[in-house]
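One structure is given below, encoded as structure tokens.
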Amino acid sequence: MGKPYGLVVFDFDGTLADTFPWFCSVINGVARRYRFRHIDPAETEALRGLSARALIRELGVPAWKLPFITRHMHGLAARDIEAISLFPGIRDMLRDLDEAGIVLAIVSSNSEANIRHVLGPCAARFRHYACGASMFGKAKRLTAVMRKAGARGSVIYIGDELRDHDAAKAAGCDFGAVSWGYTRRDALAAGRPDVLFEHPGHVAEAICSTELRGSHPAASILYSGPS
Numbered sequence: 001m002g003k004p005y006g007l008v009v010f011d012f013d014g015t016l017a018d019t020f021p022w023f024c025s026v027i028n029g030v031a032r033r034y035r036f037r038h039i040d041p042a043e044t045e046a047l048r049g050l051s052a053r054a055l056i057r058e059l060g061v062p063a064w065k066l067p068f069i070t071r072h073m074h075g076l077a078a079r080d081i082e083a084i085s086l087f088p089g090i091r092d093m094l095r096d097l098d099e100a101g102i103v104l105a106i107v108s109s110n111s112e113a114n115i116r117h118v119l120g121p122c123a124a125r126f127r128h129y130a131c132g133a134s135m136f137g138k139a140k141r142l143t144a145v146m147r148k149a150g151a152r153g154s155v156i157y158i159g160d161e162l163r164d165h166d167a168a169k170a171a172g173c174d175f176g177a178v179s180w181g182y183t184r185r186d187a188l189a190a191g192r193p194d195v196l197f198e199h200p201g202h203v204a205e206a207i208c209s210t211e212l213r214g215s216h217p218a219a220s221i222l223y224s225g226p227s
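Numbering (the UniProt record's numbering), first residue to last: 1 to 227.
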């Protein structure tokens with residue numbers, strides 16, 4: 001049995017914004033600066049199947065460097081902000097959710113300034129922003145947003161990484177995985193998210209339904225996790 005959601009929380013990079021090409025263009029420069037292993041383009045697809053923790057181990061990044069790397073990459077994103085755009089269909093999706101009366105929020109490791117710039121006019125559709133979270137600090141931000149919105153029992157966090165799934169579980173809400181972001185679809189599906197979205201256009205269709213799982217007409221395009 002499905003359930004309607006009163007609060008939909010989104011990740012940003014790889015979920016709303018197509019930042020993966022930009023990430024690939026800068027990551028080896030960041031590797032030189034912070035002295036971790038370079039990424040060969042030929043291994044990109046294999047690395048997309050890893051969790052964030054596994055990727056960090058694979059690249060040999062010491063944990064103490066992560067805050068510095070994150071801050072540096074926020075600066076690079078601000079520098080290159082005009083090269084970053086939303087995925088096709090995201091604006092329509094956000095409009096449909098907003099007009100359906102669903103409260104929208106963002107929990108992201110990226111900076112609020114970067115996010116608002118890329119969202120443009122769509123930024124006004126979000127009532128809550130919890131940005132600048134540490135790489136593994138999204139659960140606390142998500143919990144805070146849920147508490148502030150007062151919708152703990154009807155919340156879904158939508159993201160493109162396994163750490164987003166971990167954050168949702170830790171915060172006690174459902175997780176919707178998107179297949180168009182950083183992490184490969186098969187890796188996301190193996191984690192058994194509550195729902196797996198194949199295209200931005202499917203998100204509002206499913207979320208606005210009172211029966212997200214099972215009998216929903218979009219069931220063929222959505223992976224339904226255990227009830």
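We put the beta carbon where it would ideally sit given N, CA and C, even for glycine.
For clarity, every value in this text was computed on a predicted model and none was experimentally measured.
Can you give the Cα-Cα distance for residue i and residue j, rounded to whole angstroms?
| i | j | result |
| --- | --- | --- |
| P21 | T44 | 11 Å |
| A46 | I39 | 11 Å |
| V107 | M135 | 11 Å |
| R141 | D92 | 26 Å |
| A170 | A139 | 6 Å |
| I115 | I90 | 14 Å |
| R48 | V155 | 27 Å |
| C173 | Y157 | 7 Å |
Exposed or buried, residue i, counting other C-beta atoms within 10 Å across all chains shown (16 or more means buried)?
| i | result |
| --- | --- |
| H165 | buried |
| A100 | exposed |
| G75 | exposed |
| F68 | exposed |
| G181 | buried |
| P193 | buried |
Given a cut-off of 7 Å on the beta-carbon distance, is the pair residue i and residue j in contact?
| i | j | result |
| --- | --- | --- |
| T183 | L162 | yes |
| A168 | L196 | no |
From what residue to what residue does the alpha helix (DSSP H) around residue i run?
| i | result |
| --- | --- |
| H128 | No alpha helix (DSSP H) holds H128; the beta strand (DSSP E) holding it covers H128 to A130. |
| Y5 | Premise fails: Y5 is in no alpha helix (DSSP H) and is neither H nor E. |
| G150 | Run containing G150: none; DSSP gives neither H nor E here. |
| I106 | From DSSP, I106 is part of no alpha helix (DSSP H) but of the beta strand (DSSP E) over V103 to V107. |
| F23 | F20 to Y34 |
| D80 | Counting along the chain, D80 falls outside any alpha helix (DSSP H), and DSSP gives it neither H nor E. |
Assess, as a yes-or-no matter, whether the segment 56-64 is touched by the segment 79-87 under the definition of 3 or more beta carbon pairs within less than 8 Å.
no
Segment contact, 8 Å Cβ cut-off, at least three pairs: the segment 28-39 with the segment 117-134
no
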